[in-house]
Amino acid sequence: MNDPPFWKGQEEVVISGVSGRFPQSSNVEEFAEHLLNGDDLVTEDDKRWPPGIYDLPKRHGKLKELHKFDASFFGVTPKQANHMDPQVRKLLEVTWEAILDSGYSPADFRGTRTGVFVGCSGSESGSALSRDPEKIIGYSLIGSVSCMFSNWISYALDLQGPSFSVDSACSSSLLALNLALDAIRQGQCNAAIVAGTNLNLSPMTALQFWRLGMLSPAGSCRSFDESADGYCRTEGIAAILIQRKSAARRIYFTVVHAKSDTDGYKEEGVAFPSGDRQAELLREVYAEAEIDPNSVVYVETHGTGTKVGDPQEAKAIAEVFCSNRTSPLLIGSVKSNMGHAEPAAGVCALTKLIIAREKGVIPPNLHHKNPNPNIPSLHDGRLKVVTEKAKFPGGIIGINSFGFGGSKTHVILRAESKENKSENCENNELKLFLYAGRTLDGLKQILQYVQENPSSHYFRQLLSNQANLPIKDAPYRGLLIFNRPTANLPPIVEIQKAKSGERRPIWFVYTGIGSQWSGMAKQLLALPEFEASIRKSSKVVEEQGKNVYEMLQNPNPEQYKNNPTNCMITIAAIQIALTDILHKMGIFPDGIIGHSFGETCCAYADSALTREQAMQLAYCRGSTIMAQKYPVEGGMAAVGLTWEAAKEKCPKGVVPACHNGEESVTISGEVEKVQEFCDQLQNEGIFTQLVDCSGIPFHSPYLYAVKEPMLENMNKIMPTPKRRSSKWISSSLAEDRWQEEIGLYCSAEYMTNNVCNEVLFVEALQHIPPNSIVIEIAPHCLMQAILKRNLPSDCSNIGLMNKHAENEIEWFFKAIGRIYQAGAVVHAEKLHHELPLPVPTSTPMIAPLWKWDHSQDWYVVNAKKMITENCCATYDVDPFSFDTKEGFMLDHVVGGRLLYPFTGFIVLAWRAICKFSGTNYLATSVVLENFVVHRAVFITRSTQ
Numbered sequence: 001m002n003d004p005p006f007w008k009g010q011e012e013v014v015i016s017g018v019s020g021r022f023p024q025s026s027n028v029e030e031f032a033e034h035l036l037n038g039d040d041l042v043t044e045d046d047k048r049w050p051p052g053i054y055d056l057p058k059r060h061g062k063l064k065e066l067h068k069f070d071a072s073f074f075g076v077t078p079k080q081a082n083h084m085d086p087q088v089r090k091l092l093e094v095t096w097e098a099i100l101d102s103g104y105s106p107a108d109f110r111g112t113r114t115g116v117f118v119g120c121s122g123s124e125s126g127s128a129l130s131r132d133p134e135k136i137i138g139y140s141l142i143g144s145v146s147c148m149f150s151n152w153i154s155y156a157l158d159l160q161g162p163s164f165s166v167d168s169a170c171s172s173s174l175l176a177l178n179l180a181l182d183a184i185r186q187g188q189c190n191a192a193i194v195a196g197t198n199l200n201l202s203p204m205t206a207l208q209f210w211r212l213g214m215l216s217p218a219g220s221c222r223s224f225d226e227s228a229d230g231y232c233r234t235e236g237i238a239a240i241l242i243q244r245k246s247a248a249r250r251i252y253f254t255v256v257h258a259k260s261d262t263d264g265y266k267e268e269g270v271a272f273p274s275g276d277r278q279a280e281l282l283r284e285v286y287a288e289a290e291i292d293p294n295s296v297v298y299v300e301t302h303g304t305g306t307k308v309g310d311p312q313e314a315k316a317i318a319e320v321f322c323s324n325r326t327s328p329l330l331i332g333s334v335k336s337n338m339g340h341a342e343p344a345a346g347v348c349a350l351t352k353l354i355i356a357r358e359k360g361v362i363p364p365n366l367h368h369k370n371p372n373p374n375i376p377s378l379h380d381g382r383l384k385v386v387t388e389k390a391k392f393p394g395g396i397i398g399i400n401s402f403g404f405g406g407s408k409t410h411v412i413l414r415a416e417s418k419e420n421k422s423e424n425c426e427n428n429e430l431k432l433f434l435y436a437g438r439t440l441d442g443l444k445q446i447l448q449y450v451q452e453n454p455s456s457h458y459f460r461q462l463l464s465n466q467a468n469l470p471i472k473d474a475p476y477r478g479l480l481i482f483n484r485p486t487a488n489l490p491p492i493v494e495i496q497k498a499k500s501g502e503r504r505p506i507w508f509v510y511t512g513i514g515s516q517w518s519g520m521a522k523q524l525l526a527l528p529e530f531e532a533s534i535r536k537s538s539k540v541v542e543e544q545g546k547n548v549y550e551m552l553q554n555p556n557p558e559q560y561k562n563n564p565t566n567c568m569i570t571i572a573a574i575q576i577a578l579t580d581i582l583h584k585m586g587i588f589p590d591g592i593i594g595h596s597f598g599e600t601c602c603a604y605a606d607s608a609l610t611r612e613q614a615m616q617l618a619y620c621r622g623s624t625i626m627a628q629k630y631p632v633e634g635g636m637a638a639v640g641l642t643w644e645a646a647k648e649k650c651p652k653g654v655v656p657a658c659h660n661g662e663e664s665v666t667i668s669g670e671v672e673k674v675q676e677f678c679d680q681l682q683n684e685g686i687f688t689q690l691v692d693c694s695g696i697p698f699h700s701p702y703l704y705a706v707k708e709p710m711l712e713n714m715n716k717i718m719p720t721p722k723r724r725s726s727k728w729i730s731s732s733l734a735e736d737r738w739q740e741e742i743g744l745y746c747s748a749e750y751m752t753n754n755v756c757n758e759v760l761f762v763e764a765l766q767h768i769p770p771n772s773i774v775i776e777i778a779p780h781c782l783m784q785a786i787l788k789r790n791l792p793s794d795c796s797n798i799g800l801m802n803k804h805a806e807n808e809i810e811w812f813f814k815a816i817g818r819i820y821q822a823g824a825v826v827h828a829e830k831l832h833h834e835l836p837l838p839v840p841t842s843t844p845m846i847a848p849l850w851k852w853d854h855s856q857d858w859y860v861v862n863a864k865k866m867i868t869e870n871c872c873a874t875y876d877v878d879p880f881s882f883d884t885k886e887g888f889m890l891d892h893v894v895g896g897r898l899l900y901p902f903t904g905f906i907v908l909a910w911r912a913i914c915k916f917s918g919t920n921y922l923a924t925s926v927v928l929e930n931f932v933v934h935r936a937v938f939i940t941r942s943t944q
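Residues in the sequence shown are numbered from 1 upward in steps of one, following UniProt numbering.
Written out as structure tokens, the structure is:
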């Protein structure tokens, strides 16, 4: 008994992303539309060379816009881009798109053991760029040699697994899949890009196949039809991503197994296909996979439409798959629709199957009218070519791919049964969606697609995973707010171009007393994360008879009037909840500053306090202040003075309490004296505004009365102080005291000092560096004017809440969007219910929506120009050669010697003229004038 394969019991490998370029199709969706419509993608035109040149078939398949490439995106210099094979340029783009289609960001794969396996068979561009030694600069070697087809992908995307190009002719890309699967199973890589590419830029390769008798004169692959007379060449470039099942966010197919071999010696010749060896490979691969071949529901055949190839393949398929079958096995070949993409044929076939899986329909074969009489299984009901759209059955699928040198590959795929995942598993709550694009138009298209498909929750979730593409790659950042509460309100769409690709510092600023208002955060409670955080914080102060959750739902302003305790515990709970949400979305600060009471939540953001400690401190601070009897009634006011001027001008009983800006100070003290001082300043034309402080002179010497009881209570809350991190910039201690013990720790001493002493806010703001993203965390963005006046002009100042907003959640979502557009990494999808992955079948593809910056054109080999630029025509005449076409000349004997006919010179001149013009001399009339033969040419066996 044979040992089981080494990979038995391993986690399965799946196809999770796809992208490509196909004839008349810029992406997979366009390709799908053409296939399902039964369109013939092979055309007759002069996009490559004049139809019929050298008697070639007039029809062949061609890709669009080979001259387009986003060179700067991939870091390719202009000189290199112009000397790079268009196959490499397109491979880079479709590989990126295939990763996007999987629901990942390509940045997730940078530096990982991801392999790259590319099926390719040469570079006509490289040959053309190497013709003239004076023009060779070396870049065409780097950009066109076949090994670089794979290595460029690995380099540009920083993929560090195995990377090599595979050439087994027409089985190249399916062999590449076989090798990639083996590499993952052997632990050489964790995921792999599998790609295939073929461009037909010169008629000379086609001429080789034509003269070997392989091409169809009609220019079509009539797979398995009685009229099959050869194949039609075509172009195609496609890539898929394969990875372990547990890592996949989308699953198109499970790759059950793959195997390759070669025919070896055959009496009929190297290019003759062997049906017996094909059958042997099929038996082996299904035996190793422990799958009954009779359970296969569909085979995507090699099916090129050649007279010999189709019967041999059909014979092997019928022999292996139809030994115990009750209904015909469905077969087809995408080559009938698009032509034969040779080394890319395998990935083109895979793409067709992915389309069938996603659309639920097998596209019909073209050019099949009457079954080939040399294929008995088509006549006795064992095999059936799909000629009309057929329901995709799911289950086990097989794919064949054969190289004309005898190299063969078969791949077994499994399509899982359709999942019962509902797209209606979310309610119609307000939604925030963020995404980034390479171009403005591309981003608009994606946002528009999301708007038009608001119920595509899984699709949005896949997109959200890649919203934080590097700014250098995707500089346009957009926000979309939809499902607005009023039906006739249109979605909110805002797009900004991020400033630069450099990471911007993020700073949190926590505002203190004064930011509270009745009704604050009531609407935000609709956000599950926010509500959950508020409930947790509310529970902390239940023993003190406080219910923060109910207070926030109560619009009565009286609960905050002259009640610092209620103000502080509600502000703290809101700031903690906002901090929790920011952290969940991946927004973490590089620096933290608090204004007055705001330093309590600085400590929470700095992990110096737990939620419980922060809420207990807020209650302790408020209740201790309220319990104290002060010798005077307190008053506070904002005045337009510098800090130094306030110190000089303030009368006895009034002190500068908060240094908010260059000419912005809050004063505190005895209420009558504060009022008198304000009147005086107003008479001097200086701005003043009284501040509601509930009769408590905050940050004045009068607060020293609460110091001892507060210190005692706070020590009970945090008996073991934690060290403050360097992120937390103190606004309650002068900088020259930061290295003292009181400045090093978040302690009761630090917090009571915060209560009793002045607020050095503007001094703290000086530590915020230029180009920072400054997020104000408070029930109301009270500090925006101060931040704008005191921070560098290139800082982005964003308040999360605004009491004047008609809809709190919309304001909050816009604020999150602005943080994202400013350049921060934001996972806004964390605000909403996350759906289980992988996504279900029929979730829209992402790759077709991505748009590149194709504003610049790059060099593509011009076959017509190459033909006409060929400046010489050399002809060897040898009537003695065993394979000569000129044997008739042996009869042209004059005077006993073999004379080259004068008409021969005319024919050679005729052929040379037509060669220079790129036309067929047998179909082109010429006029020769002043024709002179200077001497007779006699031919002997030694004539050179």
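Ideal Cβ positions, reconstructed from N, Cα and C, are used throughout, including at glycine.
- For residue 371, the closest alpha carbon among the candidates 651, 392 and 331 is that of 331.
- Residue 524 is a Cβ neighbour of residue 808, given a cutoff of 9 Å.
- Relative to the Cα of residue 9, the nearest Cα in the group 186, 494 and 461 belongs to 186.
- Look at residue 82 here: in three-state DSSP terms it is helix.
- Note: residue 164 is bridge-paired with 117 in the DSSP secondary-structure output.
- Secondary structure at residue 434: strand, using DSSP grouped into helix, strand and coil.
- For residue 643, the uninterrupted alpha helix (DSSP H) segment begins and ends at 643-649.
- Annotation: the continuous beta strand (DSSP E) that includes residue 236 extends over 236-244.
- The DSSP-derived three-state label of residue 44 is coil.
- Residue 616 is bridged by DSSP to nothing; it lacks a bridge partner.
- Residue 777 sits buried, since 16 or more C-beta atoms from the chains shown fall within 10 Å of its C-beta.
- Residue range 707-717 is occupied by the alpha helix (DSSP H) that includes residue 711.
- Three or more beta-carbon pairs separated by less than 8 Å link the stretch 810-822 to the stretch 494-508, which places the two stretches in contact.
- 9 Å or more divides the Cβ of residue 144 from the Cβ of residue 202.
- Here DSSP, grouped into helix, strand and coil, assigns residue 875 to coil.
- Assignment of beta strand (DSSP E) within the stretch 761-796, counting only whole runs of 3 or more residues, yields 773-777 in chain order.
- With respect to residue 168, residue 344 sits apart: the two C-beta atoms are not nearer than 9 Å.
- When C-beta atoms of the stretch 564-582 are compared with those of the stretch 513-530, three or more pairs fall below 8 Å, so the two segments count as touching.
- Assignment of residue 259 by DSSP, reduced to helix, strand and coil, places it in the strand class.
- Using a 10 angstroms sphere on the CB of residue 893, the tally of other CB atoms stays under 16, which defines it as exposed.
- A residue is called buried once 16 or more other Cβ atoms fall within 10 Å of its Cβ, and residue 812 is buried on that count.
- In this structure, DSSP gives residue 104 a state outside helix and strand, which the three-state scheme calls coil.
- Listed as beta-bridge partners of residue 371 by DSSP are 225.
- Around the beta-carbon of residue 766, fewer than 16 other beta-carbon atoms lie within 10 Å, marking it exposed.
- Per DSSP, reduced to three states, the secondary structure at residue 109 is helical.
- In the same chain as residue 70, and ignoring 5 residues on each side of it, the C-beta atoms closer than 6 Å to its own belong to 852 and 853, in chain order.
- Per DSSP, reduced to three states, the secondary structure at residue 501 is coil, with no helix or strand assignment.
- The beta carbon of residue 249 sits closer than 8 Å to the beta carbons of 16, 102, 103, 104, 462, 465, 837, 838 and 839 from its chain, once the five residues preceding and following it are set aside; these are given in chain order.
- Considering only 752, 744 and 704, the residue with the shortest C-alpha distance to residue 596 is 752.
- Annotation: the continuous beta strand (DSSP E) that includes residue 482 extends over 476-482.
- Taking 8 Å as the upper bound for CB-CB distance, residue 364 and residue 391 are not in contact here, some 12 Å apart.
- In this structure, the alpha-carbon of residue 782 lies about 37 Å from that of residue 835.
- The C-beta of residue 693 has 16 or more other C-beta atoms within 10 Å across all chains shown, which makes the residue buried.
- Residue 231 carries a strand assignment under DSSP once its states are collapsed to helix, strand and coil.
- For the pair residue 274 and residue 937, the Cα-to-Cα distance works out to about 50 Å.
- DSSP places residue 77 outside both helix and strand once states are collapsed to three, so it counts as coil.
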